[in-house]
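Colleague:
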Amino acid sequence: MKIAALKGIENALRNWKVAFIRKLVSGKHGRRVSSEVLLTNVTSVTMKFDDHFMSFSPHEYIGRSIFLSGDFDRHLSDALVAFLSRRGYLPSGGATVLEIGANIGTQTVYFCRSGKVARVIAVEPDPRNLSLLRRNVADNDLEQRVTIIPCAVGNDIATGNLHRAEGNFGGSSLFPLPNSEGEVAVAIKPLAQVLAEADVLAADIDFVWMDIEGAEPLASQSMHELFERRVPVMFEYSPGVYPPGTAREFIALLSRYYEKCMIFDGHNQSEMKVVDLPISIAQTNILLLP
Numbered sequence: 022m023k024i025a026a027l028k029g030i031e032n033a034l035r036n037w038k039v040a041f042i043r044k045l046v047s048g049k050h051g052r053r054v055s056s057e058v059l060l061t062n063v064t065s066v067t068m069k070f071d072d073h074f075m076s077f078s079p080h081e082y083i084g085r086s087i088f089l090s091g092d093f094d095r096h097l098s099d100a101l102v103a104f105l106s107r108r109g110y111l112p113s114g115g116a117t118v119l120e121i122g123a124n125i126g127t128q129t130v131y132f133c134r135s136g137k138v139a140r141v142i143a144v145e146p147d148p149r150n151l152s153l154l155r156r157n158v159a160d161n162d163l164e165q166r167v168t169i170i171p172c173a174v175g176n177d178i179a180t181g182n183l184h185r186a187e188g189n190f191g192g193s194s195l196f197p198l199p200n201s202e203g204e205v206a207v208a209i210k211p212l213a214q215v216l217a218e219a220d221v222l223a224a225d226i227d228f229v230w231m232d233i234e235g236a237e238p239l240a241s242q243s244m245h246e247l248f249e250r251r252v253p254v255m256f257e258y259s260p261g262v263y264p265p266g267t268a269r270e271f272i273a274l275l276s277r278y279y280e281k282c283m284i285f286d287g288h289n290q291s292e293m294k295v296v297d298l299p300i301s302i303a304q305t306n307i308l309l310l311p
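Counted from 1, the sequence shown has number 152 at position 131 by the numbering used here; the numbering is strictly sequential.
1. According to DSSP, is cysteine 282 helix, strand or coil?
2. Taking glutamine 290 as the reference, which of Phe70, Asp72, Ile83 and Ala103 has the closest Cα?
3. Taking valine 174 and isoleucine 121 to be in contact with their CB atoms under 8 Å, please state how far apart those CB atoms are, rounded to whole angstroms.
4. Rounding to the nearest angstrom, what Cα-Cα distance links threonine 305 and phenylalanine 228 in this structure?
5. Based on DSSP bridge pairs, tell me the residues matched to glutamate 257.
6. Apart from the five residues on each side of it in sequence, which residues of its chain come closer than 6 Å, Cβ to Cβ, to proline 171?
7. Consult DSSP for glutamate 164 and reduce its assignment to one of helix, strand or coil.
8. With a Cβ-Cβ cutoff of 9 Å, do serine 76 and aspartate 162 count as a contact?
9. Excluding five sequence neighbours on each side, which residues of the same chain lie with their C-beta closer than 8 Å to the C-beta of glutamate 270?
10. Using a Cβ distance threshold of 8 Å, determine whether the segment 285-304 contacts the segment 252-261, with at least three qualifying pairs required.
11. For glutamate 292 and valine 63, I'd like the C-alpha separation in whole angstroms.
12. With distances taken between CB atoms, is the gap from glutamate 246 to alanine 213 smaller than 9 Å?
13. Between asparagine 182 and the rest of its own chain, which residues show a CB-CB distance below 8 Å, the 5 nearest in sequence each way excluded?
14. Using 8 Å for Cβ pairs, my map puts leucine 275 next to valine 295. What's the rounded Cβ distance?
15. Among Arg277, Pro311, Ser113 and Phe93, which has the Cα closest to the Cα of methionine 283?
16. Can a CB atom of chain C be found closer than 9 Å to the CB of arginine 108?
17. For glycine 91 and phenylalanine 70, which I take to be in contact (beta-carbon distance under 8 Å), what is that distance rounded to the nearest angstrom?
18. Roughly how many angstroms lie between the CA atoms of alanine 143 and arginine 156, to the nearest whole one?
19. Thinking C-beta only, is glycine 287 closer than 9 Å to aspartate 72?
20. Would you call the CB atoms of glycine 235 and tyrosine 82 closer than 9 Å?
21. Exposed or buried, which one is glycine 84 when buried takes at least 16 other CB atoms within 10 Å?
22. Leaving aside the five residues before and after valine 66 along the sequence, list all residues of the same chain whose C-beta is less than 8 Å from its C-beta, in chain order.
23. Going by DSSP, what residue range makes up the alpha helix (DSSP H) through threonine 180?
24. Measure the alpha-carbon distance for valine 346 versus alanine 186 and round it to whole angstroms.
25. Do you know how far the Cα of proline 265 is from the Cα of leucine 45?
26. Give the single residue among Leu216, Ile226, Trp230 and Ala268 whose Cα lies nearest to the Cα of threonine 127.
27. Starting from alanine 213 and walking both ways along the alpha helix (DSSP H), at which residues does that stretch end?
28. For glycine 115, which residues from the same chain have a beta carbon less than 8 Å from its beta carbon, with the 5 sequence-adjacent residues on both sides left out?
29. My output table needs one value for glycine 84: the three-state DSSP class, helix, strand or coil.
30. Pull up the CB-CB distance for isoleucine 226 and threonine 117, whole angstroms please, since I reckon it's below 8 Å.
Following this line, the structure appears as structure tokens:
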């Protein structure tokens, strides 16, 4: 009887411990606690969300954001797709998206789950991100809809050094960083070469998502064919990190093709003329409008 009673107590304690741990690690607070105690030798985590899987490193900015909040800027990509759809810029059969700076594939997956996107051309140079990007495409059964091109976009075929930001896989840049944790050689290709490798025509691209940490002016030098069609382009505008004079040159280039743009943060949109883009701000998201 005593042995049976002791076993009953042990089982009850075990069940209580399991229930306590589950409660501890559930919700945002629990995920925050878990993120702080994850071992450094845990290189990646895969989580299942309502409509997708996502693999990420829990030790850098984007991965921690996903782990703690359940997504990374999904409101922004969802708002963009909804806005373009309302304006009639997306074809009924599903859009083809050019994503320059796909990182680990967060927005790649979100676009494909939006119900408005048929295909994504995902361009990403960082080998750390590419391995997770490929896994996220495969885990979500998107191999037939996503084409991955492993390079950076520039105005000519070349090799450049990608400077890796400390603690942020999404902060790598072709330009030197004050908090760099090393660099890696990557291929740089003009957009025409990228599209040729993806076996897609410039005329097939319905909109562009570009987030490449200050290299947007460089990539834009090979995007004339898209600009001539006035394809909607969403990009991170960062005059605070551009070399001297680059912001004005960038605005001059864009204003040759686009008259209107919108400061777009996913919650509020403010339309303005491209020639009036400010050069004194650090960073914002800009949507070029047809």
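C-beta atoms are modelled at their ideal positions from N, C-alpha and C, and glycine is treated no differently.
A quick note: this is a predicted structure, and the numbers were derived from the prediction, not measured.
Modeller: Looking at the coordinates:
1. By one-based count along the sequence shown, residue 282 stands at place 261. Correct three-state label for cysteine 282: strand.
2. Start at 1 with the first residue of the sequence shown, and residue 290 comes out as number 269. Checking every option, the nearest Cα to that of glutamine 290 belongs to Ala103.
3. As a working mapping, residue 174 is identified with position 153 in the sequence shown. As a working mapping, residue 121 is identified with position 100 in the sequence shown. The beta carbons of valine 174 and isoleucine 121 sit about 5 Å from each other, so the pair counts as a contact at 8 Å.
4. In the sequence shown, the residue the question calls residue 305 occupies position 284. In the sequence shown, the residue the question calls residue 228 occupies position 207. Cα atoms of threonine 305 and phenylalanine 228: separation of roughly 19 Å, rounded to the nearest angstrom.
5. Locating residue 257 in the sequence shown gives position 236, where the first residue counts as 1. By DSSP's assignment, glutamate 257 forms a beta bridge with Asn306.
6. Against the sequence shown, residue 171 aligns to sequence position 150. Within the same chain, and ignoring the five residues on either side of proline 171 in sequence, the residues whose Cβ sits closer than 6 Å to its Cβ are Leu151.
7. Here residue 164 refers to the residue found at position 143 when the sequence shown is read from its first residue. Coil.
8. Working through the sequence shown from its first residue, we reach residue 76 at position 55. Working through the sequence shown from its first residue, we reach residue 162 at position 141. The Cβ-Cβ distance between serine 76 and aspartate 162 does not fall below 9 Å.
9. Within the sequence shown, residue 270 is the residue found at index 249, counting from 1. The residues are Pro238.
10. Contact holds: three or more Cβ-Cβ distances are below 8 Å.
11. Walking along the sequence shown from the start, residue 292 turns up at place 271. Walking along the sequence shown from the start, residue 63 turns up at place 42. So the alpha carbons of these two residues sit roughly 44 Å apart.
12. Locating residue 246 in the sequence shown gives position 225, counting from the first residue. Locating residue 213 in the sequence shown gives position 192, counting from the first residue. Against a cut-off of 9 Å, the Cβ pair of alanine 213 and glutamate 246 comes out as a contact.
13. Start at 1 with the first residue of the sequence shown, and residue 182 comes out as number 161. Excluding sequence neighbours, asparagine 182 sits near Leu195, Glu204, Val205, Ala206 and Val207.
14. Taking the first residue of the sequence shown as 1, we reach residue 275 at position 254. Taking the first residue of the sequence shown as 1, we reach residue 295 at position 274. Correct: roughly 5 Å between the Cβ atoms.
15. Taking the sequence shown and counting its residues from 1, the one referred to as residue 283 is at position 262. Answer by Cα proximity: Pro311.
16. No chain C appears in this structure, which consists of one protein chain only.
17. Locating residue 91 in the sequence shown gives position 70, where the first residue counts as 1. Locating residue 70 in the sequence shown gives position 49, where the first residue counts as 1. Confirmed, Cβ separation roughly 6 Å.
18. The count along the sequence shown starts at 1 and reaches residue 143 at position 122. The count along the sequence shown starts at 1 and reaches residue 156 at position 135. Distance between the alpha carbons of alanine 143 and arginine 156 is about 13 Å.
19. What you label residue 72 is simply residue 51 of the sequence shown in a count that begins at 1. What you label residue 287 is simply residue 266 of the sequence shown in a count that begins at 1. Cβ distance not < 9 Å, so aspartate 72 and glycine 287 don't count as in contact.
20. Mapped onto the sequence shown, residue 235 falls at position 214. Mapped onto the sequence shown, residue 82 falls at position 61. Contact check for glycine 235 against tyrosine 82 fails: the beta carbons are separated by 9 Å or more.
21. Stepping through the sequence shown from its first residue, residue 84 is reached at position 63. It counts as buried.
22. In the sequence shown, the residue the question calls residue 66 occupies position 45. For valine 66, where only same-chain residues beyond five positions count, the Cβ hits under 8 Å are Leu59, Ser76, Phe77, Ser78, Pro79, Gly84 and Phe88.
23. Within the sequence shown, the letter at position 159 stands for residue 180. For threonine 180, there is no enclosing alpha helix (DSSP H); the residue is found in the beta strand (DSSP E) stretching over 179-186.
24. Outside the shown range of the chain, which is 22 to 311, sits residue 346, and nothing can be said about it.
25. The count along the sequence shown starts at 1 and reaches residue 45 at position 24. The count along the sequence shown starts at 1 and reaches residue 265 at position 244. Low per-residue confidence applies at leucine 45: pLDDT is 45, beneath 50, and the placement is therefore not dependable, though the value from the model is reported in the following sentence. Their backbone Cα atoms lie some 50 Å apart in a straight line.
26. Stepping through the sequence shown from its first residue, residue 127 is reached at position 106. The shortest Cα separation from threonine 127 among Leu216, Ile226, Trp230 and Ala268 belongs to Trp230.
27. For this step, residue 213 is matched to residue 192 along the sequence shown. 212-219 is the span of the alpha helix (DSSP H), which, as asked, contains alanine 213.
28. As a first step, residue 115 is located in the sequence shown; it is residue number 94 there, counting from the start. Only Lys137, Val138, Ala139 and Arg140 meet the Cβ criterion.
29. Within the sequence shown, residue 84 is the residue found at index 63, counting from 1. In the structure shown, glycine 84 sits in a helix (DSSP, three-state: H, G or I).
30. Sequence index remark: in the sequence shown, residue 226 carries index 205 (1-based). Sequence index remark: in the sequence shown, residue 117 carries index 96 (1-based). Yes, isoleucine 226 and threonine 117 are in contact; Cβ-Cβ is about 6 Å, under 8 Å.
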